[in-house]
Every structure is written in C-alpha cells, then in structure tokens.
Amino acid sequence: MKRKVAVVTGTRAEYGALYPVLKAIEQHPKLQLLLIATGMHLSHEFGYTVRELEKDGFHIDARVDMLLSNDTLLAMSKSIGIGIMGLAQTWEQIQPDVIVVLGDRVEPLAAAIAGSYMNIPVAHIHGGDTGKGGLDESARHAITKFAHIHFPATKESAERIIGMGEDRWRVHTVGSPALDAILNEPLLPPKIIAKKLGLDLSRPVILVVQHPVTTQVEEAPEQMRETLEAIVEIGYPTVLIYPNSDAGGRRMIGIIKEYDKHPFIKTFKSLPRKEYLSIMKISSVMVGNSSSGIIDAPSFGLPVVNVGIRQEGRERGKNVIDVAHKESDIARALKRALSDKKFLREVKKCENPYGDGRAGPRIVEALSQIAITPRLLQKKSTY
1250 MKRKVAVVTG TRAEYGALYP VLKAIEQHPK LQLLLIATGM HLSHEFGYTV RELEKDGFHI
1310 DARVDMLLSN DTLLAMSKSI GIGIMGLAQT WEQIQPDVIV VLGDRVEPLA AAIAGSYMNI
1370 PVAHIHGGDT GKGGLDESAR HAITKFAHIH FPATKESAER IIGMGEDRWR VHTVGSPALD
1430 AILNEPLLPP KIIAKKLGLD LSRPVILVVQ HPVTTQVEEA PEQMRETLEA IVEIGYPTVL
1490 IYPNSDAGGR RMIGIIKEYD KHPFIKTFKS LPRKEYLSIM KISSVMVGNS SSGIIDAPSF
1550 GLPVVNVGIR QEGRERGKNV IDVAHKESDI ARALKRALSD KKFLREVKKC ENPYGDGRAG
1610 PRIVEALSQI AITPRLLQKK STY
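Here's what the structure looks like:
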C-alpha cells in the first residue's frame, strides 16, 4: 500500500517552491499525493491561483477556505483558527500518513497544529531560516516545534533547528526545492514572455514584489509608495506583482492602483509559476522584500534591491543590496544594480547558498523511507 502524503499549499510563491516536490511524489512508486489548496489560492481577490495547480495537471483532493477578506491582524488571527478547524476536518476525511508544509505563513502553521494534535507526522520544508518578517519568524519556529521531520535548505538553518532542541536524526539538509525548477526546467523564451506581458525588451526590465511586514502594518502603504516613487524616477519597464494577503497587503494594493496608470508599469495579481521564473530570467533587477529575491534570484544572476527588514538576517548571495524604505535610497540602489560594472560582475558569478536544484528528490526519498513509529511522533527536547 502506498504511503499517503498530504501537501498543503496556500500561496502562489509557496506553490512554486513545492512544485518539484509534488511532481516527485507523483512519480514515486511508494507514495500517493494528496494535494490540499487553501489560503490565497481560493481568493479571487488575489488571482484565484488554484486554477494554476489544475492547469499544471494536479488533482485537488481538498479545498479548505480559511482566508478572511480583511486587512487586519484580527482577521489574520481568526484565519488561523478557521484553518485549524478546516484542516483538522480534512485530515479526518483523507487520513494521510504524513503532512508536508513549507515556510512560515498562517496556512502551514494551521496545518501543522491540526496534524500534530491528530498524531499525524508533519514534515516541514525551509524551517530554521531566520529574518525579521514580522510574525513569519515566530510562525516558522512554531511550525518547527510541531513538526516531526525537518527539511532545512542550508546547513546554517539545520543547526538552528537542532539548537531549538530537535533531534539530529529528524533533520535532513536538502537545499531549497525552489531551485529545482529554475535549474532543471525549460522556461519561456524572452520574446514570448515579453509579448505575453506587454514588455519592451529594448530597455532594462524591473521586477517588483513587496509584501507587508506584520509588525509594521500601519507603515505598509507608505513603504509601498516609497518603492514605487523610486520606480517612477527610474522609468524603466516594470512588472509589479500584488503583495500577499497578510495584514496591510490590501492597503498596499490601494497604493499600487495609484501607480499602475503609468504605461511602463504592468501590474498583475499573480503570475503562473513558469511565467514568473521566466520574468526573473529576463529582468535586469528585482526590488522589494520577497524571499524570492534571496532564494531564487542568485540562480539567475539577478541583482536584488532588498527593501526593509523583512529578509534581514537571512542567508544571501552577493547579488543583494540592502536598503531602507526610502525613495532616494531605493533609487540609488537601483541605479547601482543597473550600471555598476564591478557589482554586476560579482552578481553574475555569485553562488546560491540554497542548494543545487535536487531538493525535491531528496525530500521525497526521505518521505518514502522514514519509519512512522511512536518514536517519530513522541518528541522531546534535546536540552
């Protein structure tokens, strides 16, 4: 009998990282994939990206609504509770042998809590990372304590997990699965993606992805404005993708709508996985505070202007320029990223600290072999 592996995905970005894992589970003779869509995937406000999962050929085994259409911390807190209830009911219905989650958002947190309390082993990808992404930091480490199997992306993250009292035998350093698709899948040709998105490739392309920081909710709109003022000053073709649904995100969207009247700014609620990676490949610089700039961008030799504290402390390549949420600083960094020849030479040869593009098979092989026993479920701090 195949081992039933339930994978939870709630956002476009997390799905992009999980995609290689999903494909590897499907192809493994000893595993059965159960795919759970929740969070932003089921929101028309954020692009109803569950359709992308279906277009990629995946069967959705359960849809769990948990996202409240509200821009407050109260709504985020309530969403976690709704998610725990809905996912607990789903676990009761589909009876998975193991649950897989990735990252640090409310969806994996709810899934991990519900699974752990039902004595279902939880495997956590990308635990042990660190940063100042508001509540993301707390959620990430909370998931680590609820999880029974850990798949950190780097050795540093693995040691951080062990430092939190987790057994070494539970920790498998695999790299980031986000790199698997970048390094192993063909992307769209530049002319095709440019035509699809209405871009002029005779000039440098800027990619903007900026999210709210949940400990700076009130500042989120003005932070978005500072970034977009810098974009207007530069005036190059820009692909601007909506922020996530965390508190403050909808107010940021309100600011974005003031700026997408500029003809050189192309705004999208979301982009399909392959289109997003193809845009990264042809962009001259990325700006914002997305983890994609830290994890994905080095593999493209793509300069990144990382704004604010959200990714502060996270391992990074030499492609990243850190700046504050200030228009003049952002514009200055963009100009450097576009024209500083010494910096650009370093970027083109920089190493990606997040692995070699073979994380998916490593994760899936471990999932197929780990013994599901009382020892796995019974956790005890090592200190």
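For the record, in the sequence shown the residue sitting at position 374 is 1623 according to the working numbering, with numbers rising by one throughout. Positions of the beta carbon are idealized from the N, C-alpha and C atoms, including for glycine.
Discussion item. Could you compute how far the alpha carbon of G1335 sits from the alpha carbon of A1479?
Written reply: 42 Å
Worksheet entry | Exposure label - T1260; buried when at least 16 CB within 10 Å | buried
Fill in: Sequence-distant residues of its chain with Cβ nearer than 8 Å to T1393 (five each side left out)
H1373, G1376, G1377, H1399, I1410, M1413 and E1415
Worksheet item: What are the start and end residues of each continuous beta strand (DSSP E) run of 3 or more residues lying completely inside the stretch 1397-1466, in chain order?
Response: 1398-1400 and 1455-1458
Worksheet item: alpha helix (DSSP H) containing G1503: first to last residue?
Response: G1498 to Y1508
Practice prompt. Please list the segments of the alpha helix (DSSP H) lying wholly inside the stretch 1258-1334, counting only runs of 4 or more residues, in order along the chain.
Written response: 1261-1276 and 1299-1304
Practice prompt. Check whether the stretch 1448-1463 touches the stretch 1485-1500, taking contact to mean three or more Cβ pairs, one atom from each stretch, closer than 8 Å.
Written response: yes
Worksheet item: Nearest CA to the CA of Y1264: which residue from Y1508, L1351 and V1454?
Response: L1351
Worksheet item: DSSP state of M1367, grouped into three classes?
Response: coil
Discussion item. I want to know whether the stretch 1584-1600 touches the stretch 1417-1434 - three or more CB-CB distances under 8 Å.
Written reply: no
Fill in: Given G1330 as reference, the closest of A1363, I1570 and E1524 once Cα atoms are compared
A1363
Discussion item. Mapping the DSSP letters down to three states, classify R1559 as helix, strand or coil.
Written reply: coil
Item to complete: Select from V1270, Y1508 and A1266 the residue whose C-alpha is nearest the C-alpha of E1614.
Response: V1270
Discussion item. Whether or not the stretch 1252-1259 and the stretch 1354-1363 are in contact is what I'm after, with contact meaning three or more pairs of Cβ atoms, one per stretch, closer than 8 Å; do they touch?
Written reply: yes
Worksheet item: Where does H1390 sit, in a helix, a strand or coil, going by DSSP?
Response: helix
Discussion item. Classify K1440: buried if its beta carbon has 16 or more other beta carbons within 10 angstroms, exposed otherwise.
Written reply: exposed
Discussion item. Using C-beta distances below 6 Å, list every residue in its chain close to R1389, excluding the 5 sequence neighbours before and after it, in chain order.
Written reply: D1353
Worksheet item: What is the DSSP secondary structure of G1377, reduced to helix, strand or coil?
Response: coil
Worksheet item: Whose CA, out of T1463, R1300 and H1290, lies closest to the CA of N1538?
Response: T1463
Discussion item. Looking at the strands, I want to know which residues DSSP matches up with V1350.
Written reply: H1373
Practice prompt. Let me know if A1573 comes out buried or exposed under the rule of 16 or more other beta-carbons within 10 Å of its beta-carbon.
Written response: exposed
Item to complete: Can you tell me which of the three DSSP states F1513 falls into?
Response: coil
Discussion item. I'd like to confirm the pairing. Which residues does DSSP put opposite A1255 in its beta bridges?
Written reply: L1283 and I1348
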